[in-house]
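Below is one structure; the comments refer to it alone.
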Ligand code: SAM
Ligand code: SF4
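Residue numbers (this note's numbering): 128 to 459.
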C-alpha cells in the first residue's frame with residue numbers, strides 16, 4: 128500500500144490540476160495582457176513527460192486530474208495525452224476532466240468522451256456576443272456556443288464558469304442562470320483573483336460574490352446544498368430551474384481549509400498553493416532518471432511545504448498583483 132499524500136495540515140492531496148500549455152487563443156482581460164510573452168516551447172514538458180508525471184501522482188493516490196492551461200485544447204496533439212490519461216481511469220484515477228474556453232470543443236467533444244472524459248468546465252462570462260468580444264479580446268462567441276452544444280451532444284456534462292466582473296457582466300447573471308437551467312448545465316461564479324500583471328486595474332473589476340448572492344436571492348430561491356465536486360465551490364440549488372449554482376469566493380470567503388489539490392505547470396513546476404510563490408521543480412526530477420523514484424520523492428517533498436492558505440488581497444494601496452504569475456501559467 129502506498130503512503131497517501133498528506134500535507135502538514137492533514138489535508139489529503141487527491142486532486143491535480145495539470146496545465147498542458149500556457150498559450151491561449153483568447154486574451155481575456157482579467158487573465159492576460161494582450162501582448163503576452165509565452166514560455167519558450169523548449170521549456171515545456173513533452174506530452175510523454177506530462178503523462179508520466181500524471182501517472183506518478185495517480186500512483187500516489189491522486190484520484191482526479193483536471194487538464195487546464197492556457198487553453199488545453201490548443202496544445203498540439205493534446206488528444207494523445209488525454210487518451211493516455213484516460214487509460215488510467217479505473218486504475219486509481221477516478222476522474223479526468225478539463226477546463227476550456229470552448230473554442231475547440233466542437234472539434235474535440237466526441238474524442239474527449241471516447242477517452243473517458245465525462246465532465247468539462249467551460250469558461251463563459253457572458254451570453255452577449257459584444258461583451259464576450261470585449262472580455263476575451265480575440266474570442267468568437269458563436270464558436271464557443273457551438274462547442275458547448277457539441278459537448279452536450281457528445282454526452283459530456285457541462286459546467287459553465289463565469290468570472291464576476293463589476294460593470295461588465297454583473298447584470299447578466301439572471302440570464303446565465305436561466306440559460307444554464309434550460310440547458311441542464313451547472314454554473315459557477317468566480318471572484319477575480321490578483322494573479323499576474325494585466326492591462327487593467329483589478330480593483331475596478333472585483334465584485335464580491337456575497338453581494339451577488341444577496342442580489343440573486345431577491346429573484347431566485349437559493350437553497351444551500353452539500354454538493355461537492357472536489358473543487359472549492361459552494362453550491363446552492365436554484366429552485367426555479369432545478370439547476371446548481373456554485374460560488375468560488377477566494378477573496379470574500381477563504382476556502383483553503385478544505386484544499387485537496389496542487390497545480391503543476393506545463394514546465395513541471397508544482398505550486399502547492401495558487402496564491403503563494405513557493406514551488407517544487409518536478410521537471411528536474413522527471414528528467415533525472417527513467418524510473419519515477421526521484422519524481423515521487425520530489426512530489427512528496429513539495430507536499431510537506433503546502434501552506435495553510437493563500438493571502439490574496441485586492442486593494443488600491445497594493446497595486447502589484449498578490450502573485451506575479453498569471454493564471455494561464457499556473458493553470459486555472
Ligand atoms: N483557457 C481555459 C479557460 O479559460 O477555461 C483554462 C484556463 S483559464 C486560466 C481557467 C479559469 O481561470 C477560467 O475560468 C478563467 O475565467 C479563470 N481566470 C483566469 N484569470 C483569472 C483571475 N485573475 N481571477 C479569477 N479567475 C481567473
Ligand atoms: Fe485564455 Fe482561459 Fe486566460 Fe481566457 S481565461 S485568456 S481563455 S487562459
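Ideal placement from N, C-alpha and C gives every residue a C-beta, glycine not left out. As the structure is a prediction and not an experimental result, all values here were calculated from the model.
Please confirm whether residue 149 and residue 166 have their CB atoms less than 8 Å apart. Here residue 149 is taken as the residue at index 22 of the chain shown, counted from 1. Here residue 166 is taken as the residue at index 39 of the chain shown, counted from 1. Yes.
Where residue 420 and residue 199 are concerned, what is the direct C-alpha to C-alpha distance, given to the nearest angstrom? Taking the first residue of the chain shown as 1, we reach residue 420 at position 293. Taking the first residue of the chain shown as 1, we reach residue 199 at position 72. Cα-Cα distance, rounded: 28 Å.
In chain order, each beta strand (DSSP E) run of at least 3 residues that lies wholly inside the region 385–410: 388–391, 396–398 and 406–408
Where does residue 240 fall in DSSP's three states? Here residue 240 refers to the residue found at position 113 of the chain shown. Note: residue 240 maps to helix in three-state DSSP.
Return the residue from the list 275, 346, 383 and 376 that minimises the CA-CA distance to residue 366. Start at 1 with the first residue of the chain shown, and residue 366 comes out as number 239. Closest option to residue 366, Cα to Cα, is 346.
Output the distance between the C-alpha atoms of residue 247 and residue 432, rounded to the nearest integer angstrom. Locating residue 247 in the chain shown gives position 120, counting from the first residue. Locating residue 432 in the chain shown gives position 305, counting from the first residue. Looking at the two C-alpha atoms, the distance is approximately 30 Å.
Residue 263 CB to nearest heavy atom of the ligand SF4 below 7 Å: The residue you call residue 263 lines up with position 136 of the chain shown. Yes.
Apart from the five residues just before and just after residue 443, which ones in its own chain have a Cβ nearer than 8 Å to its Cβ? Locating residue 443 in the chain shown gives position 316, where the first residue counts as 1. Residue placement at residue 443 cannot be trusted, given a pLDDT of 45 that sits under 50; what the coordinates show is reported in the next sentence. So the qualifying residues of the chain are 330.
Could you tell me if the beta carbon of residue 273 falls within a distance shorter than 7 Å of some heavy atom in the ligand SF4? Numbered from its first residue, the chain shown carries residue 273 at position 146. No, the ligand SF4 has no heavy atom inside 7 Å of this Cβ.
Just to confirm, does residue 320 get its C-beta within under 7 Å of one of the non-hydrogen atoms of the ligand SF4? Your numbering for residue 320 matches position 193 in the chain shown. No, the beta carbon of residue 320 sits no closer than 7 Å to any heavy atom of the ligand SF4.
Taking just the CA atoms, how far does residue 404 sit from residue 254? Taking the chain shown and counting its residues from 1, the one referred to as residue 254 is at position 127. Taking the chain shown and counting its residues from 1, the one referred to as residue 404 is at position 277. Approximately 35 Å, taken between the alpha carbons.
Under 8 Å by Cβ, that's how I've got residue 293 and residue 334 pegged, so tell me the actual separation to the nearest angstrom. Locating residue 293 in the chain shown gives position 166, counting from the first residue. Locating residue 334 in the chain shown gives position 207, counting from the first residue. So it is a contact: roughly 4 Å between Cβ atoms.
With DSSP collapsed to three states, give me the class of residue 178. Mapped onto the chain shown, residue 178 falls at position 51. In the structure shown, residue 178 sits in a helix (DSSP, three-state: H, G or I).
Pick helix, strand or coil for residue 167, following the three-state DSSP scheme. The residue labelled residue 167 in the question sits at position 40 within the chain shown. Coil, per DSSP.
So the candidates are 325, 190, 385 and 212; which of them puts its Cα closest to the Cα of residue 435? By 1-based counting over the chain shown, the position of residue 435 is 308. Ranking the options by Cα distance to residue 435, first place goes to 385.
Are at least three pairs of beta-carbons, each pair with one atom in the region 213–225 and one in the region 255–273, less than 8 Å apart? no
What does DSSP give as the partner residues of residue 145 in its beta bridges? Taking the first residue of the chain shown as 1, we reach residue 145 at position 18. According to DSSP, residue 145 bridges with 194 and 391.
Those residues which DSSP pairs with residue 258 across a bridge: The residue you call residue 258 lines up with position 131 of the chain shown. For residue 258, which the question treats as bridged, DSSP gives no partner whatsoever.
Where does the unbroken alpha helix (DSSP H) through residue 269 begin, and where does it stop? For the purposes of this step, residue 269 is identified with residue 142 of the chain shown, where counting begins at 1. Start and end: 268–281.
Start and end residues, alpha helix (DSSP H) containing residue 426: In the chain shown, the residue the question calls residue 426 occupies position 299. Run containing residue 426: 420–430, per the alpha helix (DSSP H) assignment.
Cα-Cα separation between residue 358 and residue 290, rounded to whole angstroms: Taking the chain shown and counting its residues from 1, one reaches residue 358 at position 231. Taking the chain shown and counting its residues from 1, one reaches residue 290 at position 163. Cα to Cα, residue 358 sits roughly 16 Å from residue 290.
Tell me where the beta strand (DSSP E) around residue 225 begins and ends. What you label residue 225 is simply residue 98 of the chain shown in a count that begins at 1. That run of the beta strand (DSSP E) goes 222–227.
Sort out for me which residues DSSP pairs residue 333 with in a bridge. For this step, residue 333 is matched to residue 206 along the chain shown. Partner(s): 292.
Whose C-alpha, out of 130, 131 and 140, is nearest the C-alpha of residue 400? Within the chain shown, numbered from 1, the residue matching residue 400 stands at position 273. Ranking 130, 131 and 140 by Cα distance to residue 400 puts 140 first.
I need the DSSP call for residue 154, collapsed to helix, strand or coil. Taking the first residue of the chain shown as position 1, residue 154 is located at position 27. Three-state result, residue 154: coil.
Within the same chain, show all residues whose beta-carbon is closer than 6 Å to that of residue 445, passing over the 5 residues directly before and after it, in chain order. Residue 445 sits at position 318 when you count from the first residue of the chain shown. Residue placement at residue 445 is flagged as unreliable, the pLDDT there being 49, under the threshold of 50; the coordinate-derived value follows with that caveat. Around residue 445: no qualifying Cβ.
Going along the chain, which residues of its own chain have a beta-carbon closer than 6 Å to the beta-carbon of residue 263, five neighbours each way excluded? Walking along the chain shown from the start, residue 263 turns up at place 136. Hits under 6 Å: 153 and 155.
Using a threshold of 8 Å, state whether the C-beta atoms of residue 336 and residue 318 are closer than that. Taking the first residue of the chain shown as 1, we reach residue 336 at position 209. Taking the first residue of the chain shown as 1, we reach residue 318 at position 191. Yes, Cβ-Cβ distance for residue 336 and residue 318 is below 8 Å.
Between the C-alpha atoms of residue 315 and residue 195, what's the straight-line distance to the nearest angstrom? The residue labelled residue 315 in the question sits at position 188 within the chain shown. The residue labelled residue 195 in the question sits at position 68 within the chain shown. Straight-line Cα distance between these residues: approximately 17 Å.
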